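Protein chains in written order, with UniProt numbering: chain A, 1 to 352; chain B, 1 to 352; chain C, 1 to 352.
Cβ coordinates follow ideal geometry from the N, Cα and C atoms, glycine included.
A quick note: this is a predicted structure, and the numbers were derived from the prediction, not measured.
And the structure:
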């Protein structure tokens, strides 16, 4: 497959660059940048995983936890530079609900078509459940609620939340990789049982990571430059663009592997990708982007709109209840996808 | 008992008809229509069950799932014809919280007086828990949140929600009756162990169903015609009338049998009635009434008021936590009834 | 230790009295009153426990359930006398989130440093979970939601809620002490295994209870008199003072013993203190203060502000998920403390 994907990706990046610098119609640049980012994100993720596999479970875990959502971080940084704070928050929302409802839902559904009941580690599911509640419901609801009154506290509460989220995220790594490693050993084992030829050798992986990071940055720059014009052309709000378009572009590769794992009845890996990715966006990418926003001079308080908050909150509640019994089936997958579909229509109808 | 109930019902229907056509005081018509609907709903339910028992578990399951809340559907259609959309939504709310908190609460309480701890199927309870979250919290919250801003999206999001709810409701039937029947077999068994003389023969049941449907339609017509005047006389809001009065009239017969099952320690059947009925109203009756509202020219977006949404949301949260351990006792029943009582007082105090 | 604490407490009370009657700077009175209340609350709690131990498990249970939060009740009564209803509600909020997040969090964290995984009775945890949902989420959300519209129903719904909470609280005692005692026997046993020399003899305990009640009343009177001036001096809102300062003063002694129990791996006692105390404040102290507010002529509807409601609601949700698996570890403790920290910053930023 790589024989097709590599040249195609190169072609897409080159075409995107030409379109951007030759001032092609904005829609063309937009589509080429989106199309180029999807395989680049995939290569970047695989390079990170390969380096992590060589670095051993602990350093490897830290690497995945830091660079696992690098594409979203890079797009976010470029969007913040242009002051598109609503778009950045919407893409965080989109990553959270997309991973929790769409990716997990499709995984449960597709896996459930082949296996009547699929089981996964119940202790990890419960640990994830409380992390989701803290990192998404508490961390995003508190700044919104405390800035409802015309107070000046938005940045202070956002800052406190960002620091808390990062601290707890690091504590979670300490817990999973050091103090309570045995609880999560089943994931390491499952990963090792996976096709070992999947990983690249160390130095090629580092090279791929470096090159893709540069290319992703270029593409993100081009994408961000077009997004407002495209929104105006189609009558789409920043929120719809962020929640649906940017979130899908940044996560497409992960989506594919989560579903593939579920099809092979490796639900622990599937959950790890979908839920782990949501947590990483909420508790690592979002706080880091908050501090970046201070540095680039477009401060972005972590105050989400009510549609975003309620979408994320109900997504967490639904996934917690679906996950907490350690079992899944196709109906549970259909429920999660149904909830996602309704939210996507909702964001589509928001005025631009 | 039937020797008393049949003639009494006939008498109530005739008296209601005379009162309606002779333009008796509105309050008399209202009370007679309510009193007549209660036993009619009971006969209708029993006829549906009898036909379902003859049709075998699969077709029977589909029948119960479609006609199980026919009375509420009929009252809703007549109320929509008169443009009483707030009343219709309030009666949906009332059915949901009435079944979840009042019926389940009384069942847990009464059953718990006789049996210190009552147990029920934990897998079905968890499946119900996620359905409740999706069909009530997600499906009703999303349209409300996305139409907070002065957008024109109310009908679009409501439509998407209605389609999603119907699809997932049908998926749930497919799941319970076809792909995962063995999970729910314990209910079929429990039903078969119940008094087999309870069911009527096929053709008498069909006849009763036809006749009661006609009578329920008549009574609903009379009831709906009086409800606004009665509300004004007593200073009751549409919402109180819908949440408390209409919801009790439409569900009284089911209430009685759920409590009776709990008293006999058949908690699976009791839960099936109470929770199943809530789900049916939220995921089948509500979306069907949405489409009916489009046809009769009084469009009713599925946008509930905040008191309704919070009542339904907290009812679901409480019931999920009460249910998810697969056990009940009298204190859990008292909690649910207490929550219902506070909500009923709340709706009573709303301005007309 | 007592050899130091008794005289120190006496000294603090006397110094507080002198400062109050000599019209010392308000900040001095405030600090001395806070400092005096902390050990007094500790003695009062220990006297109550000792009397309860002599009175046998049933009467003793009733005693603890009634006088366990006497300090907060007394401060609340004095604050209501002065019409400081916002402060009273904030101190209720502070007790709830302080006990649920801070005390439980520190207990889980400190206990978890010594014991990798700590276990507690899962049935009691689930019973507590539904009580928390009812007594905090339902009971406080319903009055707030039903008085959003400019209705006159605030007091009626608050009254209904207060009556319901008291009834269910008493039902809970009936359940735990009479009808289902065996479920909670493990707590009695754990208590008896605790250092038996911890309890005082009956009459000294009664004497201590009487004297400390008088002293707590005096100190509360002095504290309440200073609190508004102190708030203005520091630019703190009533809400921050209530949520953080008053709540910590009233609960410091319990905090210490909950953490101490966790350190000794007696998680059932630790949970009983932290969660039991939250429930007692929400379902006993709050309704009693509501009725007191009617008597002293400063009616206080149980309508909390949105920051308070959301803080309490997310605290309950997080604790329910942390608790419901019957296990804890240091990371779960860190999560709860992190949530508390963010909320405290939020209340700090509210305008005075």
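{"Query": "Would you list the one or two residues that DSSP bridges to residue 233 of chain A?", "Result": "Bridge partners of residue 233 of chain A: none, in fact."}
{"Query": "So which residues on chain F does residue 29 of chain C lean against when the C-beta distance must stay under 7 angstroms?", "Result": "The chain labelled as chain F is not found among the protein chains of the depicted structure, namely A, B and C."}
{"Query": "Could you work out which residue in C/80, C/105, C/6 and C/26 is closest to residue 263 of chain C when comparing CA atoms only?", "Result": "C/105"}
{"Query": "Any beta-carbon of chain A closer than 7 angstroms to the one on residue 335 of chain C?", "Result": "yes"}
{"Query": "Among A/348, A/31, A/71 and A/108, whose alpha-carbon lies nearest the alpha-carbon of residue 235 of chain A?", "Result": "A/348"}
{"Query": "Could you check if residue 175 of chain A is buried or exposed, using at least 16 other CB atoms within 10 Å of its CB as the buried criterion?", "Result": "buried"}
{"Query": "Look at the Cβ atom of residue 309 of chain B, then the Cβ atom of residue 135 of chain B, and state whether they are nearer than 7 angstroms.", "Result": "no"}
{"Query": "Is it right to say residue 265 of chain C is buried, meaning 16 or more other beta carbons lie within 10 angstroms of its own, or is it exposed?", "Result": "exposed"}
{"Query": "Measuring only the C-alpha atoms, how far is residue 162 of chain B from residue 126 of chain B?", "Result": "23 angstroms"}
{"Query": "Buried or exposed, going by whether 16 or more other CB atoms sit within 10 Å of the CB of residue 233 of chain A?", "Result": "exposed"}
{"Query": "Closer than 8 angstroms by beta-carbon distance: list the chain B residues that pair up with residue 5 of chain A, in chain order.", "Result": "Within 8 angstroms Cβ-Cβ: nothing; residue 5 of chain A doesn't reach chain B, min ~35 angstroms."}
{"Query": "Just verifying my parser: in three-state terms, what is the DSSP assignment at residue 217 of chain B?", "Result": "helix"}
{"Query": "Measuring CA to CA, which of C/328, C/306, C/315 and C/330 is closest to residue 145 of chain A?", "Result": "C/306"}
{"Query": "Could you check what DSSP says for residue 311 of chain B in three-state terms: helix, strand or coil?", "Result": "helix"}
{"Query": "Which residues mark the beginning and the end of the alpha helix (DSSP H) in which residue 48 of chain B is found?", "Result": "26-54"}
{"Query": "Mind the definition here: the segment 169-183 of chain A touches the segment 315-329 of chain A only if three or more C-beta pairs lie below 8 angstroms; say whether that holds.", "Result": "no"}
{"Query": "If contacts are defined as beta-carbon pairs under 8 angstroms, then residue 230 of chain A and residue 26 of chain A qualify, I think. What distance do you get, rounded to the angstrom?", "Result": "6 angstroms"}
{"Query": "Grouping DSSP H, G and I as helix and E and B as strand, with all else coil, what is residue 91 of chain C?", "Result": "helix"}
{"Query": "Alpha carbon to alpha carbon, how far is residue 35 of chain B from residue 345 of chain B?", "Result": "23 angstroms"}
{"Query": "In chain order, which alpha helix (DSSP H) runs of at least 4 residues are fully inside the segment 84-143 of chain C?", "Result": "85-97, 104-114 and 122-132"}
{"Query": "Quick one: what does DSSP say residue 270 of chain B is sitting in, helix, strand or coil?", "Result": "helix"}
{"Query": "Residue 4 of chain A: buried (16+ other C-beta within 10 angstroms of its C-beta) or exposed?", "Result": "exposed"}
{"Query": "Using a Cβ-Cβ distance under 7 angstroms, would residue 146 of chain C count as near chain B?", "Result": "yes"}
{"Query": "Residues of chain C with CB closer than 7 angstroms to the CB of residue 180 of chain A, please, in chain order.", "Result": "116 and 329"}
{"Query": "Restricting to Cα atoms, I'd like to know which of B/255, B/293, B/272 and B/204 is closest to residue 54 of chain B.", "Result": "B/204"}
{"Query": "Check whether the Cβ atoms of residue 342 of chain C and residue 155 of chain A sit closer than 7 angstroms, and answer yes or no.", "Result": "no"}
{"Query": "The segment 304-318 of chain C: which residues have C-beta closer than 7 angstroms to a C-beta of chain A, in chain order?", "Result": "306, 307, 310, 314, 317 and 318"}
{"Query": "When the cut-off is 7 angstroms and only beta carbons count, does residue 325 of chain C lie next to chain A?", "Result": "yes"}
{"Query": "Starting from residue 251 of chain A and walking both ways along the alpha helix (DSSP H), at which residues does that stretch end?", "Result": "247-263"}
{"Query": "What do you reckon, are the CB atoms on residue 72 of chain B and residue 250 of chain B nearer than 7 angstroms?", "Result": "yes"}
{"Query": "Any C-beta of chain C sitting closer than 7 angstroms to the C-beta of residue 120 of chain A?", "Result": "no"}
{"Query": "In chain order, what residues of the same chain lie with their CB nearer than 8 angstroms to the CB of residue 351 of chain A, ignoring the 5 residues before and after it?", "Result": "237"}
{"Query": "If you compare alpha carbons, which of B/77, B/129 and B/102 is closest to residue 259 of chain B?", "Result": "B/102"}
{"Query": "Say whether chain A places a C-beta atom closer than 7 angstroms to the C-beta of residue 154 of chain C.", "Result": "no"}
{"Query": "Out of C/68, C/80, C/327 and C/315, state which residue places its alpha-carbon closest to the alpha-carbon of residue 221 of chain C.", "Result": "C/80"}
{"Query": "On the DSSP letters alone, give me the boundaries of the alpha helix (DSSP H) that residue 72 of chain A sits inside.", "Result": "70-81"}
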